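Heads up: the protein sequence lines correspond to chains A and B, in order.
End of the first sequence = 554 in our numbering, gap-free, step of one.
End of the second sequence = 890 in our numbering, gap-free, step of one.
Glycine included, C-beta positions come from ideal geometry on N, C-alpha and C.
Model, not experiment: these values are computed from the prediction.
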Amino acid sequence: MATTADQPAVRLPAPSQSWLARALDHKPTLILLCLTPALGLLIVFLSFPLIFGIYLAFTDTRLGRPGEFVGLENYASLFADRTFWTAVWWTCFYTVFATVLKFGLGLWLALLLNHKLPMKSLIRAIILVPWIVPTVLSAIAFWWIYDPQFSIISYVLVDVLGWRETYINFLGDPWNARWSLIAANVWRGIPFVAICLLAGLQTISPSLYEAAMLDGATPWQRFWHITMPMLMPILAVVLAFSVIFTFTDFQLIYAITRGGPANSTHLMATLAFQRAVNGAQLGEGSAIAVAMIPFLVCATFVAYFALARRKWQQGGSDD
Amino acid sequence: MKNWTRRESVALGVGAASALALGAGRARAEIPTADVASPNFPIESGAKLTVLRPSKFVLGDEVLWLENAKKFAEATGVEVDTDFESWTDLTPKAAVAASIGSGPDIICGWGHISHQYPDAVIPLDDLAGYLGAKYGGWWPMAEKYGQQGGKWISMPIGASGGRVVYRKSWVEEAGFDTVPTDTEGFLDLCRKLKANGHPPGLALGNAEGDGNAWTSWLVWSHGGAMVDEVDRVIINSPETVEALKYGKALYETFIQGTESWLDASNNKAFLAGQLGLTQNGISIYYAAKTSEDPAMQALAEDIFHARMPIGPVDITTERSLTVNAMVMKYTEYPNAAMAFLQFMMEAEQYDPWLNACIGYWNHPLQAYDASKVWTDDPKHDAYKHVLKDALWDGYSGSLGEASSAVLADFVMVEMVASVCTGRSTPEEAAAEAQRRAERYYGKA
Numbered sequence: 236m237a238t239t240a241d242q243p244a245v246r247l248p249a250p251s252q253s254w255l256a257r258a259l260d261h262k263p264t265l266i267l268l269c270l271t272p273a274l275g276l277l278i279v280f281l282s283f284p285l286i287f288g289i290y291l292a293f294t295d296t297r298l299g300r301p302g303e304f305v306g307l308e309n310y311a312s313l314f315a316d317r318t319f320w321t322a323v324w325w326t327c328f329y330t331v332f333a334t335v336l337k338f339g340l341g342l343w344l345a346l347l348l349n350h351k352l353p354m355k356s357l358i359r360a361i362i363l364v365p366w367i368v369p370t371v372l373s374a375i376a377f378w379w380i381y382d383p384q385f386s387i388i389s390y391v392l393v394d395v396l397g398w399r400e401t402y403i404n405f406l407g408d409p410w411n412a413r414w415s416l417i418a419a420n421v422w423r424g425i426p427f428v429a430i431c432l433l434a435g436l437q438t439i440s441p442s443l444y445e446a447a448m449l450d451g452a453t454p455w456q457r458f459w460h461i462t463m464p465m466l467m468p469i470l471a472v473v474l475a476f477s478v479i480f481t482f483t484d485f486q487l488i489y490a491i492t493r494g495g496p497a498n499s500t501h502l503m504a505t506l507a508f509q510r511a512v513n514g515a516q517l518g519e520g521s522a523i524a525v526a527m528i529p530f531l532v533c534a535t536f537v538a539y540f541a542l543a544r545r546k547w548q549q550g551g552s553d554d
Numbered sequence: 447m448k449n450w451t452r453r454e455s456v457a458l459g460v461g462a463a464s465a466l467a468l469g470a471g472r473a474r475a476e477i478p479t480a481d482v483a484s485p486n487f488p489i490e491s492g493a494k495l496t497v498l499r500p501s502k503f504v505l506g507d508e509v510l511w512l513e514n515a516k517k518f519a520e521a522t523g524v525e526v527d528t529d530f531e532s533w534t535d536l537t538p539k540a541a542v543a544a545s546i547g548s549g550p551d552i553i554c555g556w557g558h559i560s561h562q563y564p565d566a567v568i569p570l571d572d573l574a575g576y577l578g579a580k581y582g583g584w585w586p587m588a589e590k591y592g593q594q595g596g597k598w599i600s601m602p603i604g605a606s607g608g609r610v611v612y613r614k615s616w617v618e619e620a621g622f623d624t625v626p627t628d629t630e631g632f633l634d635l636c637r638k639l640k641a642n643g644h645p646p647g648l649a650l651g652n653a654e655g656d657g658n659a660w661t662s663w664l665v666w667s668h669g670g671a672m673v674d675e676v677d678r679v680i681i682n683s684p685e686t687v688e689a690l691k692y693g694k695a696l697y698e699t700f701i702q703g704t705e706s707w708l709d710a711s712n713n714k715a716f717l718a719g720q721l722g723l724t725q726n727g728i729s730i731y732y733a734a735k736t737s738e739d740p741a742m743q744a745l746a747e748d749i750f751h752a753r754m755p756i757g758p759v760d761i762t763t764e765r766s767l768t769v770n771a772m773v774m775k776y777t778e779y780p781n782a783a784m785a786f787l788q789f790m791m792e793a794e795q796y797d798p799w800l801n802a803c804i805g806y807w808n809h810p811l812q813a814y815d816a817s818k819v820w821t822d823d824p825k826h827d828a829y830k831h832v833l834k835d836a837l838w839d840g841y842s843g844s845l846g847e848a849s850s851a852v853l854a855d856f857v858m859v860e861m862v863a864s865v866c867t868g869r870s871t872p873e874e875a876a877a878e879a880q881r882r883a884e885r886y887y888g889k890a
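Quick look at the structure:
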């Protein structure tokens, strides 16, 4: 009896495949297919508005009416616009101070939450509340807290404790309004920073701390030489996000001050909206919005590259 | 924002009762009408309407509006959903709808809005012509806001006037029988009110109604204007500088915090007994009068109204906050929209609404002078003729894209606020306003 090995090789006909099945078996096609929805969303909702916004910045388009190309005319006008420069300066100031405070307090909160605490999960959930409450709701709450006539803070200081004679003009004085807005932003942003850094803290191996303690390291030394370096990668990412969120903040300012008093708290985003939508000058509004891009790119690169240096964290040089 | 349906409107209940008690439920005065043939608006099959309009400041406004819309639905089968939008968000929403060509079928926005995008609305000549002929004609300012180039691009449905709202007992305590009719006397009164611990307060935040109203009055009363008759920007003038100096002196008498006030802020402070005087619509009086709280009712007794004082120009220079209905070009149901507006403006619906508002929204059609709302309570009288003798936004030029944009960008408010808060001298602020306004109007 002949074995199968002796028989000539029989080539079985391949099962008939539809064009779709064949296409799905083709790796490049499959990759393209899988990427298409995401690419489509990115192009439609991200790239197109961005490119269209940049185009508008070089036109005199108004709401409901197409415009003509005007070159740098919008920017020339903004260059001489005191309100614009106030908004640029205040946006940078707001971002720097709010971010520093959010990171200082957020890191402190994360370190506290990293300790063994009773009802730790519940406390962590509560901490997140300011961040998950819709911004407009918290902004309205702050609007009342800062009200010149009905502020709860003023009420306590004046009517309950008697520490002041007059109510605090939180939103009427430019500097009071600015610090009030920074406080509201910090209150809202701390949970995001704290929870992200807490996640980073929990990835640090306890053995590092144990070894350091055996070597006699003080708590400060353990923090500075173990916690901080190990936390840097996540710190860099969170910082980059935080800078972007803060720099592009809109809702808090729009709901609490609408850019007042006397335009002193307009961020670039709110001023862009004010000019483009309320003032119907889409071209000029877009120019303000586009002017935010270089600041954002610089801030993000600085935040990311200054902090995300792996070699330094592992004892190498910073080259 | 609350999206009211007809069914929900029925449930407004308790609040409605007090509003109706104010007059909407009572027998109406006979509104004189002419015998004019009604235009024919054949309603499209399956029509339904969405209306965007400003949120209420007096409850009767909303209650009667919804009742009338319900009556229209019952009469025609056209369901009407009304979105009540906050005042400051109304302009951006309308702008976006006009720009993208999608949104509410009817937008009742501020009078200047339709001049910002006249190409996005359907002309209303037939409807406005009919109503004007039937109801004794439109007030001059209603025509000014509704028309562009002689065509009706929108239709005024009401206007709120900024008048002096004051506590009579405190004004008398300051040594005055009533509010002086000249600006110097007015400043004197405000100083004395402050000295007595009952300061005045006028909004200096980006308040669509109150902020624009009093800062426009301030500049106009001293002879300043954003533009001249041929739309040349002239805000940087000695008259404006004088107005700003006066405004700064007036501001020094204000209660603290007015720099951040929005439209509702002076209402709250006045009703809390912290203000001796402000400029506002009749809503403060309405809130006190309809309250069941005896303290509020006592306050209502002490609230009086007066016209804003006359400055060196020797004429009244008040601004009206006009609400104009626009039928948007993108609507699928233009006839239903026009039929709805006609229905709402007919005396059977409009007069009860006017009474329920106690004149908060003033009538644009002259025949409604005969409404009982103007004789029921002498305190309504100061608001009777808002659209008869007010000045318009963009005075003394034309209404159009530029005047609308200047107003919406708060150029006048910011100019006054920057002087009052000490950020700029009057000369610097006027120069900056000139620069901003020229961005919209163009350089001469």
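- Between the alpha carbons of B:TYR814 and B:THR627 lies a gap of roughly 27 Å.
- Against chain A, the CB of B:THR768 has no partner CB under 8 Å away; the residue lies outside that interface.
- For B:GLU508, no chain A residue has a C-beta closer than 9 Å to its own C-beta; the minimum C-beta separation is roughly 21 Å.
- Across the structure, B:LYS825 and B:GLY608 are spaced so that their CA atoms are roughly 14 Å apart.
- Rounded to the nearest whole angstrom, the CA to CA distance from A:VAL364 to A:VAL478 is 21 Å.
- Listed in chain order, the non-local C-beta contacts of A:ALA475 below 6 Å within the same chain comprise THR535, ALA538, TYR539, local neighbours out to five positions each way being set aside.
- In the DSSP annotation of this structure, B:ILE552 is not part of any alpha helix (DSSP H); the continuous beta strand (DSSP E) holding it starts and ends at 552-556.
- Of the residues B:ALA782, B:GLY655, B:ASP527, B:ASP674, the one whose Cα lies closest to the Cα of B:GLY557 is B:GLY655.
- In this structure A:VAL428 touches A:GLY341 by the C-beta definition: roughly 3 Å separates them, less than 8 Å.
- Here the alpha carbons of B:ALA480 and B:GLY651 stand approximately 45 Å from one another.
- The beta carbon of A:TYR402 sits closer than 8 Å to some beta carbon of chain B.
- B:LYS714 reaches chain A at ASP382, GLN384, PHE385, counting residues in chain order whose Cβ is nearer than 9 Å.
- The Cβ of B:GLY549 sits no closer than 8 Å to any Cβ of chain A.
- Not a single CB atom of chain A sits nearer than 8 Å to the CB of B:THR736.
- Within chain A, ARG297, LEU298, GLY299, ALA515 have C-beta atoms less than 9 Å from the C-beta of B:GLN562, given in sequence order.
- For B:PHE487, same chain residues with a beta-carbon under 6 Å away, outside a window of 5 residues either side, are ASN781, MET784, ALA785 in chain order.
- Listed along the chain, the chain A residues whose CB falls inside 9 Å of the CB of B:GLN720 are GLN384.
- Look at B:ALA771 here: in three-state DSSP terms it is strand.
- Residues of the segment 492-508 of chain B with a Cβ closer than 8 Å to any Cβ of chain A: none.
- For B:GLU531, the CB contacts under 8 Å within the same chain, skipping 5 residues up- and downstream, are MET447, LEU498, ARG499, PRO500, SER501, LYS539 in chain order.
- Chain order gives the chain A residues near B:GLN702 as PRO383, THR401, TYR402, ASN404, GLY407, where near means a beta carbon separation below 8 Å.
- If you look at A:TYR444, you'll find it in the alpha helix (DSSP H) that goes 441-449.
- For a Cβ distance threshold of 9 Å, residue set GLY651, ASN652, SER706 of chain B lies close to A:THR492, ordered along the chain.
- Within the DSSP secondary-structure output, B:ASN808 pairs in a beta bridge with B:ALA605.
- Residue B:ASN801 holds the alpha-carbon nearest to the alpha-carbon of B:GLY506 among B:GLU884, B:HIS809, B:ASN801, B:TYR841.
- Within the same chain, ALA333, LEU336, LYS337 come within 6 Å of A:VAL421 by CB-CB distance, once the 5 residues on both sides are set aside.
- For A:GLY339, no Cβ of chain B is located within less than 8 Å of the residue's own Cβ.
- Residue state for A:SER389 is assigned as helix, using DSSP reduced to three classes.
- Taken through DSSP and simplified to helix, strand or coil, B:ASN658 comes out as helix.
- Taking the beta carbon of B:ARG885 as reference, the chain A residues within 8 Å of it are SER312, GLN516, GLU519, listed in sequence order.
- In the same chain as B:GLN720, and ignoring 5 residues on each side of it, the C-beta atoms closer than 7 Å to its own belong to ILE701, in chain order.
- Bounds of the alpha helix (DSSP H) holding A:THR334 are 317-348.
- In terms of Cβ geometry, B:TRP838 and B:GLU764 do not form a close pair [threshold 8 Å].
- Following the DSSP letters along the chain, one finds A:PHE287 in no beta strand (DSSP E) but inside the alpha helix (DSSP H) bounded by residues 283-291.
- Residue pairing by DSSP puts B:HIS751 in a beta bridge opposite B:VAL611.
- Within chain A, ARG317 have C-beta atoms less than 7 Å from the C-beta of B:GLU878, given in sequence order.
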